[in-house]
Amino acid sequence: MSGEDDTDDRRGGGLTTGEVARRLGVAPTTVRSWDRRYGLGPDAHTGGRHRRWTPADVARLERMCALTATGLSPAEAARLARRGPASAPAPGPPPGSAPPDGPPAAPDGVPAPPPRAARPRDRARTGLQLGAVRQECRGLARAALRLDAVALEEILATAIADHGLVTAWTEVAMPALQAVGRKWESSGEKYVEVEHFLSWHVSGALRRSAPTVPPGAPGGTVVLACVPGEYHTLPLEALAAALAERGVPVRMFGAALPVEALVEAVRRTGPAAVGLWAQSRTTASRPLAQHVAAMEWGVRGARRRPAVLTLGPGWAGRAVPGLSRPGSLAEALTAFEAVVTR
């Protein structure tokens, strides 16, 4: 902890549970659960209902976080965290010699977390390359590695409520998802359960946050769908929720919508705009986008066509003449709103 943090601890007689949770990047309910289940509560008890956590108490919880991030079960991590660091550490190298390879060993052969000063700032003590991200994103990554559903739900709901859906997606959820995906790709499928777990909870949070928007006037609806063969839906789900948050009626058709079904959906809804998501260049289809853009409906003399927006990295290098390709969630929101309100 910094000197400023220590001063705050002394002035207030320790940190509250909420302050500890924010410092660790976990939900307050997780801190309370570790106290009840594993005896990782404050050593000293003060009067009143609110418990105070000393620097030593917080250090024990930090060790719990670091150990669970290595893949240990919460129960085993708690046992080692209660034991604390080894009481008789091995002597260090003689002055002037090179540092030993790898971190020192902790009890039972579990790798101990490196000293605070040596921890890379962009790894959030998880081994995930996060970069310069919000604290909520670091907490989300830790909770995902622990498979902590309660913490995930609370962090996501709080981020959406505090910052709005667009910021919560772009600065909290998406960097964590990308970091977990990179970890999975580089670890031989070791973290596939973490990626699926985090994706499922992010999807649920997006749906819960989106208000129900009544059907708009004819030509005022947005249709969103993944192109055939495309199953990456989360970015499109974020767009659907953000449009609903702004009062735009959305019809979301999700993953890998067949061509015939897409054409029928457009014909039946008569949308103002259609968003076609492609994560991969192998799924992005120019002929499909052009076909949808050429569809018409309405009475003779007042025929209408939808504005088609090609969404996702799959369309990079495969631009369709005359069709918009927003590069971000914010740009897509602006483009769809402009079409609907035209």
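Take the sequence shown: its letter number 162 is residue 162 in UniProt numbering, and every next letter is one higher.
Ideal Cβ placement from N, Cα and C applies to all residues, glycine included.
Keep in mind that this is a model prediction, so the values were computed, not measured.
Under 8 angstroms between C-beta atoms of residue 332 and residue 311: Working through the sequence shown from its first residue, we reach residue 332 at position 332. Working through the sequence shown from its first residue, we reach residue 311 at position 311. It is a contact, given that the beta carbons lie within the stated cut-off.
The segment 151-164 touching the segment 13-30, judged by at least three CB pairs closer than 8 angstroms: In short, these stretches touch, since the Cβ pair count reaches three.
From 34, 147, 227, 84, residue whose alpha carbon lies closest to that of residue 292: Here residue 292 is taken as the residue at index 292 of the sequence shown, counted from 1. Ranking 34, 147, 227, 84 by Cα distance to residue 292 puts 227 first.
Identified DSSP bridge partners for residue 224: Residue numbering aside, residue 224 sits at position 224 when the sequence shown is read from its first letter. Note: residue 224 sits in a beta bridge opposite 252, 275.
Counted within 10 angstroms of its Cβ, other Cβ atoms place residue 231 as buried (16 or more) or exposed: Position 231 of the sequence shown, counted from the first residue, corresponds to residue 231. Residue 231 is exposed by the Cβ-count criterion.
Beta strand (DSSP E) segment containing residue 213, residue limits: Start at 1 with the first residue of the sequence shown, and residue 213 comes out as number 213. No beta strand (DSSP E) contains residue 213, which DSSP labels as neither H nor E.
Reference residue 212, options 131, 164, 140, 252, closest by Cα: Here residue 212 refers to the residue found at position 212 of the sequence shown. Closest by alpha carbon: 252.
Whole-number beta carbon distance between residue 249 and residue 220, since they are thought to touch under 8 angstroms: As a first step, residue 220 must be located in the sequence shown, where it is residue number 220. As a first step, residue 249 must be located in the sequence shown, where it is residue number 249. A Cβ-Cβ distance of about 6 angstroms is found for the pair residue 220 and residue 249, placing them in contact under the 8 angstroms criterion.
Closest residue to residue 135 among 240, 313, 180, 172 (Cα-Cα distance): Position 135 of the sequence shown holds residue 135. The shortest Cα separation from residue 135 among 240, 313, 180, 172 belongs to 172.
DSSP bridge partner residues for residue 324 (one or two, in chain order): Locating residue 324 in the sequence shown gives position 324, counting from the first residue. DSSP lists 309 as partners of residue 324.
Inter-residue Cα distance where the pair is residue 165 and residue 335: Walking along the sequence shown from the start, residue 165 turns up at place 165. Walking along the sequence shown from the start, residue 335 turns up at place 335. Inter-residue distance for residue 165 and residue 335 is about 17 angstroms (C-alpha atoms, whole angstroms).
Contact check, residue 66 vs residue 129, beta carbons under 8 angstroms: Translated into the one-based positions of the sequence shown, residue 66 becomes position 66. Translated into the one-based positions of the sequence shown, residue 129 becomes position 129. Not in contact: residue 66 and residue 129 (Cβ atoms no closer than 8 angstroms).
For residue 15, the three-state DSSP class (helix, strand or coil): For the purposes of this step, residue 15 is taken as the residue at position 15 of the sequence shown. The answer is strand: DSSP assigns residue 15 an E or B state.
CB contact flag (residue 223, residue 266, <8 angstroms): On the sequence shown, position 223 is the one that residue 223 refers to. On the sequence shown, position 266 is the one that residue 266 refers to. Taking the C-beta atoms as reference points, residue 266 is found nearer than 8 angstroms to residue 223.
Range of the contiguous alpha helix (DSSP H) that encloses residue 133: Sequence index remark: in the sequence shown, residue 133 carries index 133 (1-based). For residue 133, no alpha helix (DSSP H) run applies, since DSSP gives it neither H nor E.
Rounded distance between the beta-carbons of residue 194 and residue 145, thought under 8 angstroms: Translated into positions along the sequence shown, residue 145 becomes position 145. Translated into positions along the sequence shown, residue 194 becomes position 194. Contact between residue 145 and residue 194 holds, since their C-beta atoms are separated by about 6 angstroms, short of 8 angstroms.
Contact under 8 angstroms by Cβ, residue 290 with residue 320: Taking the sequence shown and counting its residues from 1, one reaches residue 290 at position 290. Taking the sequence shown and counting its residues from 1, one reaches residue 320 at position 320. Taking 8 angstroms as the Cβ cut-off, residue 290 and residue 320 qualify as a contacting pair.
Alpha-carbon spacing of residue 17 relative to residue 162, whole angstroms: The residue given as residue 17 occupies position 17 in the sequence shown. The residue given as residue 162 occupies position 162 in the sequence shown. Rounded to whole angstroms, residue 17 to residue 162 spans 20 angstroms at the Cα level.
Residue of 340, 337, 282 minimising C-alpha distance to residue 313: Walking along the sequence shown from the start, residue 313 turns up at place 313. Across the set 340, 337, 282, the C-alpha of 282 shows the shortest separation from the C-alpha of residue 313.
Beta carbon proximity, residue 323 to chain C, threshold 8 angstroms: No chain C appears in this structure, which consists of one protein chain only.
Status (buried if at least 16 other CB within 10 Å, exposed otherwise) for residue 190: For the purposes of this step, residue 190 is identified with residue 190 of the sequence shown, where counting begins at 1. Exposed.
Buried/exposed call for residue 43, threshold 16 Cβ in 10 Å: As a position in the sequence shown, residue 43 is number 43, starting the count at 1. Counting Cβ neighbours within 10 Å, residue 43 comes out exposed, since fewer than 16 surround it.
Residue from 284, 342, 341, 272 whose Cα sits closest to the Cα of residue 308: Along the sequence shown, one-based indexing puts residue 308 at 308. Of the residues 284, 342, 341, 272, the one whose Cα lies closest to the Cα of residue 308 is 272.
Simplified DSSP state of residue 23, which is helix, strand or coil: Looking up residue 23 in the sequence shown gives position 23. Here residue 23 sits in helix by DSSP.
Burial state of residue 200 (16 or more Cβ within 10 Å): Within the sequence shown, residue 200 is the residue found at index 200, counting from 1. Its Cβ having fewer than 16 others within 10 Å, residue 200 is exposed.
Residue range of the unbroken alpha helix (DSSP H) whose run includes residue 265: If you number the sequence shown from 1, residue 265 lands on position 265. Taken as a continuous stretch (DSSP letters only), the alpha helix (DSSP H) holding residue 265 covers 259-269.
Burial state of residue 60 (16 or more Cβ within 10 Å): Counting from 1 along the sequence shown, the entry for residue 60 is found at position 60. Classification of residue 60: buried, given that the 10 Å Cβ count is 16 or more.
Secondary structure of residue 304, DSSP reduced to three states: By 1-based counting over the sequence shown, the position of residue 304 is 304. Here residue 304 carries a strand assignment [DSSP, helix/strand/coil].
Same chain only: Cβ atoms within 8 angstroms of residue 288, ignoring 5 sequence neighbours per side: Walking along the sequence shown from the start, residue 288 turns up at place 288. 227, 228, 259, 262, 276, listed in sequence order.
Same chain, Cβ closer than 6 angstroms to residue 137, five either side skipped, listed in chain order: Within the sequence shown, the letter at position 137 stands for residue 137. Correct list, in chain order: 172, 175, 176.
Proximity winner among 241, 56, 40, relative to residue 77 (alpha-carbon distances): Working through the sequence shown from its first residue, we reach residue 77 at position 77. Taking only the C-alpha atoms, the option nearest residue 77 is 40.
Residue 306 burial status per 10 Å Cβ neighbour count (16 or more: buried): Numbered from 1 along the sequence shown, position 306 holds the residue referred to as residue 306. The residue in question, residue 306, is buried, as its Cβ has 16 or more Cβ neighbours within 10 Å.
Proximity of residue 203 and residue 237 at Cβ, strictly below 8 angstroms: Here the question's residue 203 lines up with position 203 in the sequence shown. Here the question's residue 237 lines up with position 237 in the sequence shown. In this structure, residue 237 lies closer than 8 angstroms to residue 203 by Cβ.
Per-residue burial, residue 338 [other beta carbons within 10 Å of its own, 16 or more giving buried]: Numbered from its first residue, the sequence shown carries residue 338 at position 338. In the assembly as shown, residue 338 is an exposed residue. Its beta-carbon has fewer than 16 other beta-carbons within 10 Å.
CA-to-CA distance, residue 286 to residue 205, given in whole angstroms: The sequence position of residue 205 within the sequence shown is 205, counting from 1. The sequence position of residue 286 within the sequence shown is 286, counting from 1. Going by the C-alpha atoms only, they are around 32 angstroms apart.
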